[in-house]
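Only one structure is covered here, and it is reproduced in the block below.
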Amino acid sequence: MTSLPVSSLALSAAMAVAAGLIGSFALMRRMTLAADALSHVAVPGIGVAILLRVHPLAGAVVALVTGAVLIWALESRTRLATETIIGVVFSAALAVGALLTTGEELMDALFGTPSTLSQVELIAGFVGAGAVILFVLLARDRLIMMFLSSDIARTVGINVRRLSLLYLLAFAVTIALGLRYLGALLMGSLMIIPPATARRLARNLTSMLAISVAVALIATIVGGWVAARFDRESGPMIVSVAAVCFFLSLASRRTSGA
Amino acid sequence: MPVKPANAVEVDHLSVRLGDVEILRDLSFSVPLASSLAVIGPNGSGKTVLFRALIGAIPHTGSVRWAPGTRIGYVPQKLDLDRDLPVTGRDLLLARMRLASAPPGVIERALTRVGLAPDILNKLVGTLSGGQFQRLLVAFALLADPTVLLLDEPTAGVDEPGQERMNDTVRRLQTEGVTVLLISHDLSVVFRFATNVLCLSREHTCFGIPRQVLTPEILAEVYGEPVGLIVHDQSPG
Numbered sequence: 689m690t691s692l693p694v695s696s697l698a699l700s701a702a703m704a705v706a707a708g709l710i711g712s713f714a715l716m717r718r719m720t721l722a723a724d725a726l727s728h729v730a731v732p733g734i735g736v737a738i739l740l741r742v743h744p745l746a747g748a749v750v751a752l753v754t755g756a757v758l759i760w761a762l763e764s765r766t767r768l769a770t771e772t773i774i775g776v777v778f779s780a781a782l783a784v785g786a787l788l789t790t791g792e793e794l795m796d797a798l799f800g801t802p803s804t805l806s807q808v809e810l811i812a813g814f815v816g817a818g819a820v821i822l823f824v825l826l827a828r829d830r831l832i833m834m835f836l837s838s839d840i841a842r843t844v845g846i847n848v849r850r851l852s853l854l855y856l857l858a859f860a861v862t863i864a865l866g867l868r869y870l871g872a873l874l875m876g877s878l879m880i881i882p883p884a885t886a887r888r889l890a891r892n893l894t895s896m897l898a899i900s901v902a903v904a905l906i907a908t909i910v911g912g913w914v915a916a917r918f919d920r921e922s923g924p925m926i927v928s929v930a931a932v933c934f935f936l937s938l939a940s941r942r943t944s945g946a
Numbered sequence: 559m560p561v562k563p564a565n566a567v568e569v570d571h572l573s574v575r576l577g578d579v580e581i582l583r584d585l586s587f588s589v590p591l592a593s594s595l596a597v598i599g600p601n602g603s604g605k606t607v608l609f610r611a612l613i614g615a616i617p618h619t620g621s622v623r624w625a626p627g628t629r630i631g632y633v634p635q636k637l638d639l640d641r642d643l644p645v646t647g648r649d650l651l652l653a654r655m656r657l658a659s660a661p662p663g664v665i666e667r668a669l670t671r672v673g674l675a676p677d678i679l680n681k682l683v684g685t686l687s688g689g690q691f692q693r694l695l696v697a698f699a700l701l702a703d704p705t706v707l708l709l710d711e712p713t714a715g716v717d718e719p720g721q722e723r724m725n726d727t728v729r730r731l732q733t734e735g736v737t738v739l740l741i742s743h744d745l746s747v748v749f750r751f752a753t754n755v756l757c758l759s760r761e762h763t764c765f766g767i768p769r770q771v772l773t774p775e776i777l778a779e780v781y782g783e784p785v786g787l788i789v790h791d792q793s794p795g
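Taken in sequence, the protein lines are chains C and U. According to my numbering, the first sequence is numbered sequentially starting from 689. According to my numbering, the second sequence is numbered sequentially starting from 559.
Structural data, given as structure tokens:
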């Protein structure tokens with residue numbers, strides 16, 4: 689059995705909090721499938737980084753941020769739905785990434801390698817997670833307005849284009865945070881399943897955010913521990929625990945007819 | 559002493575083009591302060607596009623000049639939000655109240671103005687009737703103390719008692735000095751409540767006092783077919 693150091697566990701917990709919060713707003717924006725597809729764009733970034741002999745996560749971050757800006761630009765310049773744009777562009781990205789990356793590197797990129805993190809990775813991770821959590825907490829009301837109606841948001845004086853870009857960047861950073869633990873193939877799941885579970889159980893928006901964060905934390909901590917205990921990949925185990933939470937929530941009394 | 563403007567909004571030569579299609583062409587009209595303007599026209603005539611141009615949500619040519627100090631409350635026909643989410647009336651109103659930096663008690667006052675009981679705050683928006691939800695959205699718009707309300711078909715999909723309550727709410731707000739711009743398919747509401755009417759269609763636009771401009775001939779041109787019309791003996795208040 690192997691175990692992760694406390695600092696790595698703490699970072700995984702911070703990543704889970706960020707995923708639970710950002711994912712809840714993705715559910716509001718009806719872009720949960722986008723979370724899954726956008727995570728794939730990290731793969732070509734990792735492939736290019738390996739070719740250039742730079743840190744794979746740096747390549748992933750550059751690719752994800754580029755992907756987020758691309759979505760933002762296409763959304764405002766075309767009349768295609770976000771889901772369509774992301775589905776086309778980022779499925780292609782996964783194909784290109786698979787061509788650039790080979791063998792074990794590809795498996796690591798797809799499913800994650802939660803090995804000991806370097807000092808730089810830890811600091812960058814905590815700064816990224818802190819920035820995402822702070823953004824959601826500070827911009828919560830403006831995000832609600834924008835996802836309620838972008839036209840209402842404009843009359844309230846919100847710069848919808850800028851807020852939309854900031855949200856997508858926070859979304860991309862959250863995916864990057866989870867690549868070590870879940871990999872590009874499964875990170876999107878940690879931003880979909882906890883909010884979907886919370887939607888079943890919550891009675892208001894605040895409790896939805898809290899339950900989403902709690903489920904993401906439980907899945908990450910319990911899944912990570914079980915994976916280490918039985919020497920399995922952490923990503924599939926974390927997603928399995930989250931899926932168990934979701935199926936248990938189906939047995940609960942429905943609160944909104946959702 | 560500055561002269562108080564007579565009009566809440568003045569629109570000159572407004573045109574909107576979406577892609578290759580010209581939706582609105584060379585519209586000019588003005589809305590006096592504390593009056594009500596009803597916008598009518600068949601589906602696809604550009605009524606919602608007009609509202610979106612007025613709030614600056616879509617590019618347009620021509621000018622839209624709001625009176626200085628105008629605060630706009632906008633109630634769209636459709637929301638982007640999935641109504642099945644666990645979102646309560648309180649969630650929506652609190653978020654708007656915090657953004658407006660509105661004082662405590664403003665939520666209760668807004669609910670009273672639209673005739674909703676405070677227990678609406680604890681209900682999920684997905685469980686509200688169409689009429690309750692529309693009045694909640696009007697209360698939401700009132701939190702920032704708007705001088706102008708833009709209502710995009712507030713009674714669409716609402717049962718008759720709900721429509722009456724919404725109409726009473728709109729009329730009361732107008733008597734309180736709020737300028738109301740209203741998209742409506744209900745011509746009886748236009749005759750009863752509107753100070754002026756703007757009719758939009760592909761071929762014909764008209765603007766003026768409902769009883770003067772909404773003749774059977776004009777309505778037939780606007781809607782492309784004869785429109786049955788019963789005018790009750792009531793005037794706008």
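C-beta atoms are modelled at their ideal positions from N, C-alpha and C, and glycine is treated no differently.
Proximity test, Cβ basis, 8 Å: residue i and chain U
i              : result
I840 (chain C) : yes
N847 (chain C) : no
V903 (chain C) : no
C933 (chain C) : no
L893 (chain C) : yes
V736 (chain C) : no
T843 (chain C) : yes
M973 (chain C) : Residue 973 (chain C) lies beyond the residue range present for chain C, which begins at 689 and ends at 946; the question has no answer from this structure.
M896 (chain C) : yes
Host alpha helix (DSSP H) of residue i (start-end)
i              : result
T727 (chain U) : 718-733
I598 (chain U) : Counting along the chain, I598 (chain U) falls outside any alpha helix (DSSP H), though it belongs to the beta strand (DSSP E) covering 594-598.
G766 (chain U) : Note, G766 (chain U): premise wrong, no alpha helix (DSSP H); beta strand (DSSP E) at 764-766.
A884 (chain C) : 848-889
V808 (chain C) : 807-836
P704 (chain U) : Neither: P704 (chain U) is in no alpha helix (DSSP H) and is coded neither H nor E.
F587 (chain U) : Note, F587 (chain U): premise wrong, no alpha helix (DSSP H); beta strand (DSSP E) at 579-590.
E775 (chain U) : 774-781
V927 (chain C) : 922-938
T713 (chain U) : Here T713 (chain U) belongs to no alpha helix (DSSP H), and DSSP marks it neither H nor E.
V747 (chain U) : 745-751
V738 (chain U) : Not the alpha helix (DSSP H): V738 (chain U) falls in the beta strand (DSSP E), residues 737-741.
S895 (chain C) : 893-917
Contact belief for residue i with residue j at Cβ below 8 Å, rounded distance in angstroms
i              : j              : result
M724 (chain U) : T713 (chain U) : 5 Å
L762 (chain C) : V729 (chain C) : In fact, because the Cβ distance is near 13 Å, the residues do not count as touching under 8 Å.
V780 (chain U) : G599 (chain U) : 6 Å
A886 (chain C) : S900 (chain C) : 4 Å
Range covered by the beta strand (DSSP E) that runs through residue i
i              : result
R671 (chain U) : Counting along the chain, R671 (chain U) falls outside any beta strand (DSSP E), though it belongs to the alpha helix (DSSP H) covering 664-672.
R575 (chain U) : 565-576
L679 (chain U) : Premise fails: L679 (chain U) is in no beta strand (DSSP E) and is neither H nor E.
V755 (chain U) : 754-757
is_contact[residue i, chain C] using C-beta, thresh 8 Å
i              : result
D584 (chain U) : no
L740 (chain U) : no
L815 (chain U) : Residue 815 (chain U) is absent from the structure shown; chain U starts at 559 and stops at 795.
L701 (chain U) : no
R656 (chain U) : yes
I630 (chain U) : yes
A653 (chain U) : yes
P634 (chain U) : yes
Residue-level contact to chain B via CB, residue i, 8 Å cutoff
i              : result
A625 (chain U) : Looking for chain B here will not work: the only protein chains present are C and U.
Point to revise | Unbroken stretches of the beta strand (DSSP E), 3 residues or longer, contained in the stretch 601-666 of chain U | key: 619-624, 630-633
**Study point:** Interface positions of the stretch 810-839 of chain C facing chain U (Cβ-Cβ less than 8 Å), listed along the chain
**Key:** Of all residues in the stretch 810-839 of chain C, R828, D829, R830, I832, M833, F835, L836, S837, S838, D839 have a Cβ within less than 8 Å of some Cβ in chain U.
Point to revise | Residues of the stretch 873-890 of chain C with Cβ closer than 7 Å to any Cβ of chain U, in chain order | key: R887, A890
**Study point:** Any alpha helix (DSSP H) of 4 or more consecutive residues that is wholly inside the stretch 696-782 of chain C
**Key:** Fully enclosed alpha helix (DSSP H) runs of no fewer than 4 residues occupy 720-728, 730-739, 744-765 of the stretch 696-782 of chain C, in order along the chain.
Review point. At a Cβ cut of 9 Å, what residues of the stretch 711-731 of chain C count as close to chain U, listed as they run along the chain?
Key: L715, M716, R717, R718
Practice item. Mind checking the stretch 595-616 of chain U against chain C and listing, in chain order, the residues whose C-beta falls within less than 7 Å of any C-beta there? Key: R610, I613, G614, A615
Practice item. Give, in chain order, every residue of the stretch 728-762 of chain U whose Cβ lies closer than 8 Å to some Cβ of chain C. Key: none
**Study point:** Contact list for the stretch 638-649 of chain U against chain C, Cβ threshold 8 Å
**Key:** Listed in sequence order: D638, L639, D640, D642, L643, P644, V645, T646, R648, D649.
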